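What follows is a single structure, written as C-alpha cells, with notes after it.
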Amino acid sequence: MKGREWYQADDVAAEYEEKRFSRGGRLIDRREKQAVLDALAPVEGKDVLEIACGTGRFTVALAERKANVVGLDISAEMLAQGREKAQRTGRSVDFLRGDAGRLPFPDDSFDAVFAMRFFHLADTPTAYLSEMARVARKQVFFDTFNAGSVRLLYNWALPMGSRLYDREEVTDLFAEVELRRTNENHDFVLPFGFYRKIPNRVADEFREVDMAVGKTSVGDRLASVSYWDARVADSERA
Ligand SMILES: C[S@@+](CC[C@H](N)C(=O)[O-])C[C@H]1O[C@@H](n2cnc3c(N)ncnc32)[C@H](O)[C@@H]1O
C-alpha cells in the first residue's frame, strides 16, 4: 500500500489540505464533497463508514448533515487533523485508527461504506474493496484516477505515483467482490494538479471549459477521475 508511511508524518498531515485544496483546488474539494453527498443521500440518520478518511473532509461534512459517521485511517497524524476539525465545528465524529485491509467491524455493520482518494494507493484493490463490501449492508462508493487521462503524463513524477484504473479493471473488481455497479460519473479532463496551481479567481473559468469538454463524446474517456457507486448483492434480495 503506497502512502502508508507518507501520511504518518506530522508536516504532511498538517499541510495536506492547504496543499491540495487552496487556490484552484477549492473547487476540487467542493466537487468531491458533492459527489459523496449526492451518492449517499439522504444521509441523515444513516450509518456510514469512511475508509482512509484522512483529515476528515468528508467525515465532518457528513456529521454536519446528521449522519452517524465513523472515519477510519491508518495515520494517527491525519486523524488528529480530523479530530481538530470536528471539534472546531462542534460535530461528534468517531475517528478510529485502523487498517483498511482488516476492518475491525462485523459483517453488515454500516448502511454505506466509502473511500475517496484511496484506491490509487492500493496495490491489492480487490482485498480492500472486498473488506468494504463485507461491512456494508447496502452501498459502497469510491473514486479512481484514470489510465486514459492526462494524469498518465505526470503520474511518474508524483512522489509515490498513483495506480491508474480503466473501466474494465473496475468492472472486474466489482465482479470479484460481488458488488453491482449502479452509477458512475467521470470528471476532470483538466487534472487536479492543474487546478492546484492556478488562482481561485480564474479556476472557475477553466472549470467551465473542462465541463464542456467533459460533456462531449470523448469526455468520459479523457476524464481523470471516476466516481463509482455500487450495491451489495445481498441487500437487493432483502
Ligand atoms: C490521499 S489521502 C486521502 C484522505 C481523504 N480520503 C481525502 O480524500 O482527503 C490517503 C489516506 O489513506 C490513508 N491510508 C493509506 N493506507 C491505508 C490503510 N491501509 N488503511 C487505512 N488508511 C490508509 C492515509 O493515511 C491517508 O490519510
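Be aware that the sequence shown starts at 2, since it is given in this note's numbering, and climbs by one per residue.
Idealized CB from N, CA, C, for every residue including glycine.
None of these values were measured; they are calculated from a predicted model.
query	result
What are the start and end residues of the alpha helix (DSSP H) that includes Ile29?	Arg27 to Leu41
Let me confirm a value: Lys86 is counted as buried when at least 16 other C-beta atoms fall within 10 Å, else exposed. Which label applies?	buried
Under the rule that 16 or more other beta-carbon atoms within 10 Å means buried, what is Glu132, buried or exposed?	buried
Using a threshold of 8 Å, state whether the C-beta atoms of Ala101 and Ala53 are closer than that.	yes
Below 7 Å, is the gap between the Cβ of Phe142 and the nearest heavy atom of ligand 1?	no
Can you name, in chain order, every residue of its own chain whose Cβ lies under 7 Å from the Cβ of Ser236, other than the five neighbours on each side?	Arg138 and Lys139
Kindly indicate which residue of Arg118, Val71 and Val13 has the alpha-carbon position closest to the one of Trp229.	Arg118
What residues in its chain sit with their C-beta under 6 Å from that of Gly149, if we drop five residues either side in the sequence?	Arg222
Please work out which residues of its chain come closer than 8 Å, Cβ to Cβ, to Arg66, disregarding the five sequence neighbours upstream and downstream, and give them in chain order.	Leu38, Val44 and Glu45
Between Glu185 and Ser227, is the Cβ-Cβ spacing less than 8 Å?	yes
Glu169: buried (16+ other C-beta within 10 angstroms of its C-beta) or exposed?	exposed
Which residues does DSSP pair with His187 in a beta bridge?	Ser227
Going by beta-carbon coordinates alone, are Ala134 and Arg181 separated by less than 8 Å?	no
Quick check: does the Cβ of Leu122 come within less than 7 Å of any heavy atom belonging to ligand 1?	yes
Alpha carbon to alpha carbon, how far is Ala224 from His187?	6 Å
What residue from Pro105, Leu63 and Phe59 has the CA that sits closest to Ile75's CA?	Pro105
Compare the Cα-Cα distances from Gly93 to each of Asp108, Ala116, Ile29 and Ala68 and report the closest residue.	A small correction: the amino acid at residue 93 is Ser; Gly does not occupy that position in the sequence shown. Ranking the options by Cα distance to Ser93, first place goes to Ala68.
State buried or exposed for Asn201, treating a residue as buried only when at least 16 other CB atoms are found within 10 Å of its CB.	exposed
In terms of residue numbering, what span does the beta strand (DSSP E) encompassing Glu177 cover?	No beta strand (DSSP E) holds Glu177; the alpha helix (DSSP H) holding it covers Arg168 to Glu177.
Can you tell me whether DSSP reads Lys139 as helix, strand or coil?	strand
Excluding sequence positions up to five away, which residues of its chain have a Cβ less than 6 Å from the Cβ of Ala239?	Its pLDDT being 49, under 50, Ala239 is placed unreliably in this model, and the coordinates cannot settle the point.
Short of 6 Å in beta carbon distance, which residues of its chain neighbour Arg152, apart from the five on each side in sequence? Order them along the chain.	Phe146, Pro192 and Ser225
Tell me which residue opens and which closes the alpha helix (DSSP H) that Val203 is part of.	Asn201 to Gly215
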